[in-house]
Every structure is written in C-alpha cells, then in structure tokens.
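Trainee: The sequence shown begins at 51 in our numbering and counts up by one.
Note that CB positions come from ideal geometry on N, CA and C, so glycine has one too.
Model, not experiment: these values are computed from the prediction.
Please read through the structure below; I'll follow up with questions.
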Amino acid sequence: MFNSNIQIYAGKKVVILTAKDDGSKSHKFGHAIVAGIERQPGSITKKMGAKKVAKRSKVKPFIKVINYNHLLPTRYTLNASEFQNAVSAETFEQPEQRKEAKKTVKAAFEKINQTGKSKWFFSKLNF
C-alpha cells in the first residue's frame, strides 16, 4: 500500500495494481496503475439501523496512472487479486471501460471493508 501525494489525491491511500518501471508509449516515465479510496466509509456504531450502516459502508474509489515520484510507500499490504485484472492500461482509453473498472474496484473495496480486513486502509489518514 502507498499514499498518494499528487494534486486532489494527496494523502489518499492507494494500492498498486500494475507497475511499469521503464514507462510506456503514452507515459514515458516509470509509473504505476493504482486503485485508491477517494472517500472513506463512515464510522458505524451499534445503535445505527441497517439502512444507515449500508449508507456509511459505501466507498468512493478512483483509478489512476501515477508517477513513482508521487507515491509514498507504507509498511501495510492489501491483497488486490480480486480486482487486479479489472484495471489495465487499455482501461483508460474508453470512459465506459473506466466506469466498469471503478465499479469492480468499488465492489471489491466494500467487500474487504465488510470483512474487517485491512482496517488501516479504510481509515482516514491524519497528517
């Protein structure tokens, strides 16, 4: 897991899905295709009803190509095998493909959040 420090995604937690050390035709620098959380799920208490819990459990993801210089490594890990194949370099060419990839990532993030694994990834980063 990494923290992003680029523009509007500064301080957001991301997972590297694909790494390109030598660059590519469209991005001539070392970069990574990442999936991250734009908006974390809210806190949940025992008093809350099922509707409110469902609403607060939602996650807003993003997928992006980020230069290595804008990534800050952490000691944490997250298993991205569920949605790793959903996002590739070709995904960014068509808006429809990008939407579908984001839906897949969102479903995977919400599933991981509900199981209670990787709590650090779904908590707000204080800095």
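Thinking C-alpha only, which one of P91, K96 and I83 is nearest I116?
Mentor: Counted from its first residue, the sequence shown places residue 116 at position 66. Comparing Cα-Cα distances from I116 to each of P91, K96 and I83, the minimum goes to I83.
Trainee: Give the list of continuous beta strand (DSSP E) stretches no shorter than 3 residues that lie fully inside the segment 54-91.
Mentor: Listed in chain order, they are 63-70 and 81-89.
Trainee: Taking the straight line between their C-alpha atoms, what separation do you get for A158 and K78?
Mentor: Position 108 of the sequence shown holds residue 158. Position 28 of the sequence shown holds residue 78. Each residue's alpha carbon lies about 30 Å from the other.
Trainee: List the whole-angstrom C-beta distance separating G86 from P111, where the pair is believed to meet the contact cut-off of C-beta under 8 Å.
Mentor: If you number the sequence shown from 1, residue 86 lands on position 36. If you number the sequence shown from 1, residue 111 lands on position 61. That belief holds up - the Cβ atoms of G86 and P111 are roughly 7 Å apart, short of 8 Å.
Trainee: Measuring straight from C-alpha to C-alpha, what distance separates K169 and N163?
Mentor: Counting from 1 along the sequence shown, the entry for residue 169 is found at position 119. Counting from 1 along the sequence shown, the entry for residue 163 is found at position 113. When rounded, the distance between both Cα atoms is 7 Å.
Trainee: Please identify the residue among L175, Q90 and A130 whose C-alpha is closest to the C-alpha of T68.
Mentor: Here residue 68 corresponds to residue number 18 of the sequence shown, with the count starting at 1. Of the candidates L175, Q90 and A130, the one whose C-alpha sits nearest the C-alpha of T68 is A130.
Trainee: From which residue to which residue does the beta strand (DSSP E) around K110 run?
Mentor: The residue labelled residue 110 in the question sits at position 60 within the sequence shown. Element bounds for K110: K110 to N117.
Trainee: With DSSP as the reference, label F52 as helix, strand or coil.
Mentor: Walking along the sequence shown from the start, residue 52 turns up at place 2. F52 falls in the strand class under three-state DSSP.
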